[in-house]
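Novice: Okay, handing you the structure first.
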Amino acid sequence: MAVDIEALKAAIFDLVASTHGKKNLKPMDITKDMIARFGEDNCGKIDVKRALRELIDAGTLTYMYAGGSYITLPEPRSEAVDEG
Amino acid sequence: MTEFQRQTDIGPPHYERFLPPIVKKNYGAWDHHELLRPGVMVHVAASGDRLYTVRVGTPRLLAVTTIRQFADLADAYCDGYLRWTSRNNVEFLLTDPAKIDPLIRDVQALGYPVGGTGNQISSIVHTQGWVHCHSSASDASGVVKSVMDRLFPYFTGSKSLPSKLRVAYACCLNMCGAVHCSDIAILGVHTKAPVISHSDLPKMCEIPTLIASCPTGAIRPATVNGKPSVEIEAGQCMYCGNCYTVCPACRINNPESDGLSIWVGGKVSNARTTPQFSKLVVPFMPNNPPRWPEVVDAVERIVTIYAGNARKHERMGEWINRIGWPRFFKLTGFEFTKYHIDDFRHAGETYNRTAQLRHERGS
Amino acid sequence: MTKERKTPLLDELEQGPWPSFVTEIKKEADRPMAHDLLGILERSYADRVSHWKHGGLVGVMGYGGGVIGRYSDLPEEFPAVKEFHTFRVNQPSAWFYTSDALRTLCDIWEKHGSGLTNMHGSTGDIIFLGSSSAALEPCFAELSHHGWDLGGSGSNMRTPSCCVGPARCEWACYDTLAACYDITQAFQDELHRPFFPYKYKFKFAGCPNDCVASIARSDCSIIGTWRDDIQVDQAKVGEYARSGTDIQSEVCNLCPTRCMSWDGRELAIDNSNCVRCMHCINVLAKALKPGKQRGATILVGSKAPIIGGALLSSVLVPFLEMKPPYDDLKELTAAIWELWGEHGKNRERVGEFIQRVGLGNFLDGIGLDPVPEMVMHPRTNPYIFFEDELDDDAGNA
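This is how it looks when you write it as C-alpha cells:
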C-alpha cells in the first residue's frame, strides 16, 4: 500500500531535524532512508521527490549549498557559512 | 508598486523570439561563410541571402549601461538583433553591408574592439577571481585584461597566427570554465595546505563530509582543545581547495603562496588531431597585481614563438608534438623541472616509453 | 550620493586598448553596490587575496539552484556588498537576443541589484552579479513575470548550452538550438531541484569543431556528425587550388587518416576511412560539406580536475539521430541519472563514477551494449573480472 504523503512528509522532516547540525543530508540520502523505512513496495523515489517538493515549497525545509546541495531546516540566519 | 506574477519551471524564453528574420528564413540552409576582414564575416545562404556579422570583444563583466548601448547599436544597425558567442564576444548581425563601417566606428567609439575571428586570438574565457569568488588564487579579470592589452594586435588582426589560438583563464583548480583544453591556459594555484580555524570548524562544517572531500586522504579527524576537528597532513595535500569549498573553516587563500601557472597545447576541436589536454609549462608565478607583468611576458613569449615557428593550420599542441617538448622548452627558454613530471593517478602513461628522441649534434 | 573611491591599483587596469572591467564597474558606481565592489576589489588587489565567502541557504523559494550565495569578509567596511549573491538566469539558445529583451533584463537588474553582469557565465547563463538576500524574491518574481527563469547551480542538471548551429552555421549536423531548448524544458525539475550526487552538464555542439567545448566541459557532450559521404563540389575545389590553396599540403597531408588524394583535377575521398574531423571542410568551406545523413555522437564524462583529475568525454553512442522529441537521448539520460544518482558518491561527477565502477559495468547498469568505438583500443592487462565476479547490477541489460 502506498505510503500516505503526509506521513512521508512527517518522517522526512523528523529525519532532517534529528540529523540537523550532525550530518548533512542529500535528497538521495533521504530517499534511500525513506524507501528502507516504508518498504520498496510502499514508497518509491517519485513519492519522496513529491513529498520533498511539497515540504520545500511550503518553506518547511530548504536547500543549502556546502560544496554540494543538501536539504536542511530553514533557520533564520543571514549567513550560513560564518557565525564566528 | 506593481505586483509581478511569480512563475516557476518556465525555462528560458524560446529562442525563435530572438532570431532575426534573415536567420529564420535561412535556418539550416546556410551554404558557406567567408571572413571579409578581421572581425567581419559573411554567411551566404543557399537562397543567396547574405548575413554579415561584426564580432566585438568585451571584458565579459558588463554594466547594464553598456548592454543598453549595445542594444541601441543593434536598433540602429541590425533591426534590434544581436547575439553573444561562447567566448563572450558580442556579434552584431547585419543584412546591409553599407552599415558595417558606421557600426564599427560607433562600437569602437564606445571602447570595444572588433576582431577575434579566424586565426586571431579571440576573447579569453575566464572565471570570477577576486571580483566574486571565494576560492580564487588570483584575480581573473585583471590578468585577462593585462594579457589582452599585450595580445591586442592578434585580436584585431594586425598580427597573424598560423591557426586558431584559444587562451583561457581559471583562478583555481575548480576551473569554472574548464580551461584544461586550451592552446594557452593560465591557472591560479594555491601552493600551501589550508589553515584550519579549529574554533569555527565544529559549528561550520560537517566533519565526515570534510574528510571525504580530500582526494588524497590528507584530512584526518582530530580533537583540538577538547573539541572535534581535523588535521591536515601537509605532505599529502595537493592544494586543490576542495576542502575549503566544503568547509569554509579550511582557509586555503594565502597572499604569499598563491600564484599562477601556465599550460599549453590543449584543444577541444576534433580537426586534424583529437582533443587534447593542456600541458604544464610554468608551474608557478607570483601574484603581482595590478598588471602581472611576469605572466603577460610569458604568454606573449609563447605566442610569439608559436607564431614564428608553427606551420599553417597547426595549433599550438600540434606544433609542439611535431617539434617535441625538449625543443619547445629550448625555444621558449622556460625551465623544465621535476614539477613538470606527473605524479598523480596514471602518471606513468606520460613517461616517454621509446628511444625515439631528437638529439642535437655535439660540439 | 557616494564619494568617489580612491582605487589607484584598479585605475591601472583602465589603461591599454582592451576594454576594462574596471571601467564597467565604474559605470554603475553611482549606486552603492558597485561603489563598494570597487572598494573591496581594490583591497583584494592590495592584499592579494579574495575577500569573498561562499555557500549558505540563499535561494528563491522552492528552488535549490540558480542563486549562488556570496558574502564579504569585510561587512563593516563595505556594507553595500555584505551580501553579494549571484543570479544565474537561463540564457536563450545560442545567446540570441533582441534589444528589447536586453533592456527588460537591464531594467530588472538595475532595480534589484548591482547593475553588473557577466555576459555570460562559463556554463552559459546570463549572470547577475551582486544581489542582497532581500532582493532575491522580488527580482525572481519580476524575471519570471517577464518570461525568464533561473539556471542551475549545486548538485543538479546545469543550464544546457549550445553553439550557434543552424541559425548561422553551414556545418550544423543537427538543430542544436532546438535540442538545447527541448532538453532544458524537459528537465526543469532536475534543473531547479538538486537530486544528484553532483552537477550534470549538457552541451550541444553542431559539428566536431565543437565551438562550445562540449568534449571538455560537459558531462554529456552531444557533437554533430554524419554517416554518409562528405559532399564535394569538384569545380569549387579547383577554384580553391587556382586561387592559391595548396590542396595537397594543406588538406590531404593534414587529414588524420590520409583518406584523401588530389591529382590536380579531382579530390578523391575514401569516406569509409574518414573520421569526420572537419579539417578539409574547414579549409575548403565552399567546396566541401558534411554528408546528408546527419546526427550526433554522444560522449559522456568530461570535467575539470576537482576531484579525481580532469577528464575528456568519451564515446557512449557513436551515432544517434537527433530528431524531436529526442526520446533516445532522454531515455539514455534517465538511465544514467538513475544509476549514478543511486550509486554515485557525494561530489562525484559521472565521469569519475564511470572511472570508479568501470565503463563495462556502467554500460551494464544503463543497459547499453559495448561497441569498439567506445575505446581507443581493447584492454592490455589480463586482469579480467569474469562474470561471477560482477555485482548484481551487471547482466540485467
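Residue numbers (my numbering), protein chains in the order written: chain E, 790 to 873; chain R, 35 to 397; chain L, 810 to 1206. Glycine is no exception: its CB is placed at the ideal position from the N, C-alpha and C atoms. As the structure is a computational prediction, the values presented were derived from the model and not from experiment.
(1) Can you tell me whether I357 (chain R) is helix, strand or coil according to DSSP?
(2) If you follow the alpha helix (DSSP H) that I998 (chain L) is in, where does it begin and where does it stop?
(3) Taking 6 Å as the limit between beta carbons, can you name the residues of its chain near H955 (chain L), skipping five residues before and five after?
(4) Grab me the residues of A283 (chain R)'s own chain with a C-beta within less than 7 Å of its C-beta, minus the 5 sequence neighbours each way, in chain order.
(5) Can you check whether the C-beta of L838 (chain E) is within less than 8 Å of a C-beta belonging to chain L?
(6) By how many angstroms is the C-alpha of F363 (chain R) removed from the C-alpha of K815 (chain E)?
(7) Any contact of the stretch 990-1009 of chain L with the stretch 938-956 of chain L, i.e. 3+ C-beta pairs under 8 Å?
(8) Suppose you measure from the CA of L1168 (chain L) to the CA of R356 (chain R); what does that come to, to the nearest Å?
(9) Taking only the alpha-carbon atoms, compute the straight-line gap between R392 (chain R) and T1066 (chain L) and give it to the nearest angstrom.
(10) Does the beta carbon of K346 (chain R) sit closer than 8 Å to a beta carbon anywhere in chain L?
(11) Residues bridged to C1029 (chain L) by DSSP?
(12) Just to confirm the assignment, what range does the beta strand (DSSP E) spanning V316 (chain R) have?
(13) Answer yes or no: does any C-beta atom of chain A fall closer than 8 Å to that of F896 (chain L)?
(14) Looking at the unbroken alpha helix (DSSP H) that takes in Y340 (chain R), where does it start and where does it end?
(15) Any residues in the stretch 919-939 of chain L with a beta carbon nearer than 7 Å to a beta carbon of chain R? Which ones, in chain order?
(16) Can you find the residues in the same chain that come closer than 6 Å, C-beta to C-beta, to A89 (chain R), ignoring five residues on each side of it along the sequence?
(17) Please report whether the beta-carbon of K72 (chain R) lies at a distance below 8 Å from any beta-carbon of chain L.
(18) Per DSSP, L301 (chain R) forms a beta bridge with which residues?
(19) Which term fits L1148 (chain L), buried or exposed, when burial requires 16 or more other beta carbons within 10 angstroms of its beta carbon?
(20) Just list the alpha helix (DSSP H) runs in the stretch 1120-1190 of chain L, keeping only unbroken ones of 4 residues or longer that don't cross its boundaries, in chain order.
(21) With a CB to CB cut of under 6 Å and the five nearest residues on each side skipped, what residues in its chain are close to V1060 (chain L)?
(22) Buried or exposed: which applies to H1209 (chain L), given that a residue is buried once 16 or more other Cβ atoms fall within 10 Å of its Cβ?
(23) Provide the residue span of the alpha helix (DSSP H) that contains P187 (chain R), from first to last.
(24) Does the Cβ-Cβ distance between M853 (chain E) and G871 (chain L) come in under 8 Å?
(25) Do D65 (chain R) and V57 (chain R) come within 8 Å of each other at the CB atom, strictly closer than that value?
(26) What three-state label does DSSP hand K59 (chain R) in the structure shown?
(27) Cβ atoms of R1103 (chain L) and P1017 (chain L): under 8 Å apart, would you say?
(28) Is the separation between the beta-carbon of T119 (chain R) and that of L85 (chain R) shorter than 8 Å?
(29) Please compile the residues from chain L whose C-beta is within a distance smaller than 7 Å of the C-beta of I845 (chain E).
(30) What residues are listed by DSSP as bridge partners for L850 (chain L)?
(31) Pick helix, strand or coil for W861 (chain L), following the three-state DSSP scheme.
(32) Any Cβ of chain R within less than 8 Å of the Cβ of G856 (chain E)?
(33) What do you get for R395 (chain R), buried or exposed, if any count of 16 or more other CB atoms within 10 angstroms of its CB means buried?
(34) Under 8 Å by Cβ, that's how I've got S180 (chain R) and R335 (chain R) pegged, so tell me the actual separation to the nearest angstrom.
(35) Got a sec, what are the start and stop residues for the alpha helix (DSSP H) L1243 (chain L) sits in?
(36) Any beta-carbon of chain R closer than 8 Å to the one on C1086 (chain L)?
Specialist: Looking at the coordinates:
(1) Start at 1 with the first residue of the second sequence, and residue 357 (chain R) comes out as number 323. If DSSP states are grouped into helix, strand and coil, I357 (chain R) belongs with the helices.
(2) Along the third sequence, one-based indexing puts residue 998 (chain L) at 189. This sequence places Asp at residue 998 (chain L); Ile is not what is there. First-last of the alpha helix (DSSP H) with D998 (chain L): 997-1001.
(3) In the third sequence, the residue the question calls residue 955 (chain L) occupies position 146. Result list for H955 (chain L): T913, in chain order.
(4) To locate residue 283 (chain R), count along the second sequence from 1; it is residue 249. Excluding its 5 nearest sequence neighbours in each direction, A283 (chain R) has C-beta neighbours in its own chain below 7 Å: I230, S231, D234, L235, M238, C239, listed in chain order.
(5) Looking up residue 838 (chain E) in the first sequence gives position 49. Here residue 838 (chain E) is Lys; the residue named in the question, Leu, does not match the sequence. Closer than 8 Å to some Cβ of chain L, the Cβ of K838 (chain E) qualifies, so yes.
(6) Position 26 of the first sequence, counted from the first residue, corresponds to residue 815 (chain E). Position 329 of the second sequence, counted from the first residue, corresponds to residue 363 (chain R). If I take the Cα positions, the gap works out to 48 Å.
(7) no
(8) Residue 1168 (chain L) sits at position 359 when you count from the first residue of the third sequence. Residue 356 (chain R) sits at position 322 when you count from the first residue of the second sequence. The alpha-carbon of L1168 (chain L) is positioned some 32 Å away from that of R356 (chain R).
(9) Indexing the second sequence from 1 puts residue 392 (chain R) at position 358. Indexing the third sequence from 1 puts residue 1066 (chain L) at position 257. About 25 Å.
(10) Residue 346 (chain R) sits at position 312 when you count from the first residue of the second sequence. At least one chain L Cβ lies under 8 Å of K346 (chain R).
(11) Walking along the third sequence from the start, residue 1029 (chain L) turns up at place 220. BP columns for C1029 (chain L) point to L:F1011, L:V1109.
(12) By one-based count along the second sequence, residue 316 (chain R) stands at place 282. 313-320 is the span of the beta strand (DSSP E), which, as asked, contains V316 (chain R).
(13) Although the question refers to chain A, the structure presented lacks it and instead comprises the protein chains E, R and L.
(14) One-based indexing of the second sequence puts residue 340 (chain R) at position 306. 327-343 is the span of the alpha helix (DSSP H), which, as asked, contains Y340 (chain R).
(15) E919, G924, L925, T926, N927, M928, H929, S931, L938
(16) Position 55 of the second sequence holds residue 89 (chain R). Before going further, note that residue 89 (chain R) is Arg rather than Ala in the sequence given. The residues are G73, N123, E125, G150, T151.
(17) To locate residue 72 (chain R), count along the second sequence from 1; it is residue 38. Correcting the residue type first, residue 72 (chain R) is Pro in the shown sequence and not Lys. P72 (chain R) does not count as touching chain L.
(18) Taking the first residue of the second sequence as position 1, residue 301 (chain R) is located at position 267. Looking at the sequence shown, residue 301 (chain R) is not Leu but Lys. Answer by DSSP bridge pairing, in chain order: R:Q310.
(19) Here residue 1148 (chain L) refers to the residue found at position 339 of the third sequence. By the 10 Å Cβ count, L1148 (chain L) comes out buried.
(20) Taking only runs of at least 4 residues, the alpha helix (DSSP H) segments lying wholly in the stretch 1120-1190 of chain L are 1136-1152, 1159-1166, 1168-1175.
(21) Within the third sequence, numbered from 1, the residue matching residue 1060 (chain L) stands at position 251. C1089, V1092.
(22) Coverage of chain L is limited to positions 810 through 1206, which leaves residue 1209 (chain L) absent and any answer about it impossible.
(23) Position 153 of the second sequence, counting from 1, holds the residue named residue 187 (chain R). 175-190 is the extent of the alpha helix (DSSP H) around P187 (chain R).
(24) One-based indexing of the first sequence puts residue 853 (chain E) at position 64. One-based indexing of the third sequence puts residue 871 (chain L) at position 62. No; because the gap between Cβ atoms is not below 8 Å, this pair is not in contact.
(25) Your numbering for residue 57 (chain R) matches position 23 in the second sequence. Your numbering for residue 65 (chain R) matches position 31 in the second sequence. No, the pair does not count as a contact, with Cβ atoms beyond the cut-off.
(26) As a first step, residue 59 (chain R) is located in the second sequence; it is residue number 25 there, counting from the start. Three-state result, K59 (chain R): helix.
(27) Here the question's residue 1017 (chain L) lines up with position 208 in the third sequence. Here the question's residue 1103 (chain L) lines up with position 294 in the third sequence. Contact: no.
(28) If you number the second sequence from 1, residue 119 (chain R) lands on position 85. If you number the second sequence from 1, residue 85 (chain R) lands on position 51. No, the Cβ-Cβ distance between T119 (chain R) and L85 (chain R) is not below 8 Å.
(29) For this step, residue 845 (chain E) is matched to residue 56 along the first sequence. Result: G871.
(30) Sequence index remark: in the third sequence, residue 850 (chain L) carries index 41 (1-based). Partner(s): none; L850 (chain L) has no beta bridge.
(31) Position 52 of the third sequence, counted from the first residue, corresponds to residue 861 (chain L). Three-state result, W861 (chain L): strand.
(32) Residue mapping note: residue 856 (chain E) aligns to position 67 of the first sequence, counting from 1. At least one C-beta of chain R is nearer than 8 Å to the C-beta of G856 (chain E).
(33) The residue you call residue 395 (chain R) lines up with position 361 of the second sequence. That one is exposed.
(34) If you number the second sequence from 1, residue 180 (chain R) lands on position 146. If you number the second sequence from 1, residue 335 (chain R) lands on position 301. Not confirmed; about 15 Å, so no contact.
(35) The first residue shown for chain L is 810 and the last is 1206, placing residue 1243 (chain L) beyond what the model contains.
(36) Position 277 of the third sequence holds residue 1086 (chain L). Yes, C1086 (chain L) counts as interfacial toward chain R.
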